[in-house]
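Its first residue numbered 17, the sequence shown is counted upward by one per residue in this note's numbering. The beta-carbon is built from N, C-alpha and C at its ideal position, and this holds for glycine as well. For reference, the structure is listed below as structure tokens.
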Amino acid sequence: QVNFDSGFEGSPMCCHNIENVNSVTESLKGVAKCPYSPQANVTALMTSNGQYYAGSPMDFCGADPTISCSLSGMTIRTKQFGSKWLNEPQFVGSFETSTFVYFLFRESAVKYINCGKIIYSHIARVCKNDRGGHLMLKDNWTTFLKAHLNCSIPGEFPFYFDEIQGMSYVESENMVYATFTTPSNFITF
């Protein structure tokens with residue numbers, strides 16, 4: 017049995033241990049694997065073939081969020097400070113299928129940046145065999161895709177639940193179940 021544990025204290029470290037918590041077999045830096053802050057909304061996944069994927073801030077102040085994968089000493093990630101890739105994401109979960117790893121999160125909408133802060137939910141995916149690009153996309157995903165999630169009550173004036181809060185993937189059904197809410201300032205009583 018292998019456990020993957022992480023610590024905080026401003027310098028994240030990750031440890032693999034086998035059999036029990038007292039027997040650490042490997043320690044490595046936790047940057048891009050776990051957040052600096054325990055308040056960060058992150059997701060992490062160890063795939064069936066042993067690859068480690070994370071949706072987490074990469075820096076101390078949380079200004080560089082990323083979806084990343086650590087492969088043989090290198091890290092493949094979303095483009096740094098690319099607001100069209102990720103814009104202040106709050107990760108809620110991740111899961112794998114045979115060829116892809118998926119991430120669910122809510123984030124500030126870039127297309128409505130001049131209309132006040134609007135939060136939308138998204139699902140993103142990367143191919144498990146993506147090794148990053150060359151030149152401009154060096155060490156960045158080449159297969160990163162992101163789509164808007166729509167949870168609403170239909171009608172002439174649809175009622176939207178734009179903020180994903182949690183998710184669960186049921187592999188036997190190949191189905192994702194998620195909970196959504198309206199923004200906290202959306203409905204007044």
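Please classify residue i as buried or exposed, where buried requires at least 16 other C-beta atoms within 10 Å of its C-beta.
i, result
"F205", "Its pLDDT being 47, under 50, F205 is placed unreliably by the model, and nothing is read from it."
"E123", "buried"
"E189", "exposed"
"F175", "exposed"
"P170", "exposed"
"M74", "buried"
"I134", "exposed"
"L102", "buried"
"E179", "buried"
"Y193", "exposed"
"N19", "Reliability fails at N19, whose pLDDT of 48 lies under 50, so the model's placement of it is uncertain and the value that follows must be treated cautiously. Label assigned to N19: exposed."
Can you check whether the C-beta of residue i is within less than 9 Å of a C-beta belonging to chain C?
i, result
"R122", "Included in the structure is just one protein chain, with no chain C present."
Within this structure, are the beta carbons of residue i and residue j separated by less than 9 Å?
i, j, result
"F121", "T63", "no"
"H155", "I92", "Position check: residue 155 holds Asp in this sequence, whereas His was assumed. The answer is yes: Cβ separation under 9 Å."
"V142", "L165", "no"
"G71", "S110", "yes"
"F196", "S137", "yes"
"M7", "V108", "Outside the displayed range of the chain (17 to 205) lies residue 7, so it cannot be described from this structure."
"L61", "E104", "no"
"V126", "S88", "no"
"G148", "M90", "yes"
Since I believe residue j is in contact with residue i (beta carbons under 8 Å), could you give me their beta-carbon distance rounded to a whole number of angstroms?
i, j, result
"K144", "F177", "About 31 Å; that fails the 8 Å criterion."
"I96", "D80", "Note that residue 96 corresponds to Gln in the displayed sequence, not to Ile. Correct: roughly 6 Å between the Cβ atoms."
Please return the same chain residues whose Cβ sits closer than 7 Å to the Cβ of residue i, not counting the five positions on each side in sequence.
i, result
"D146", "I92, W157, T158, T159"
With a threshold of 6 Å on Cβ separation, who are the neighbours of residue i within its own chain once the five nearest residues in sequence on each side are excluded?
i, result
"S86", "Y68"
"A140", "F119, K162"
"P51", "V58, S72, P73"
Based on DSSP bridge pairs, tell me the residues matched to residue i.
i, result
"M90", "L87"
"I134", "According to DSSP, I134 bridges with nothing at all."
"Y173", "Reading the sequence as shown, one finds Phe at residue 173 and not Tyr. DSSP, once it has assigned bridges, lists no residue as partnering F173."
"A125", "Answer is none; A125 lacks a bridge partner."
"C143", "F116"
Within its chain, find whatever has a CB closer than 8 Å to the CB of residue i; leave out the 5 residues flanking it on each side and keep chain order.
i, result
"L153", "K95"
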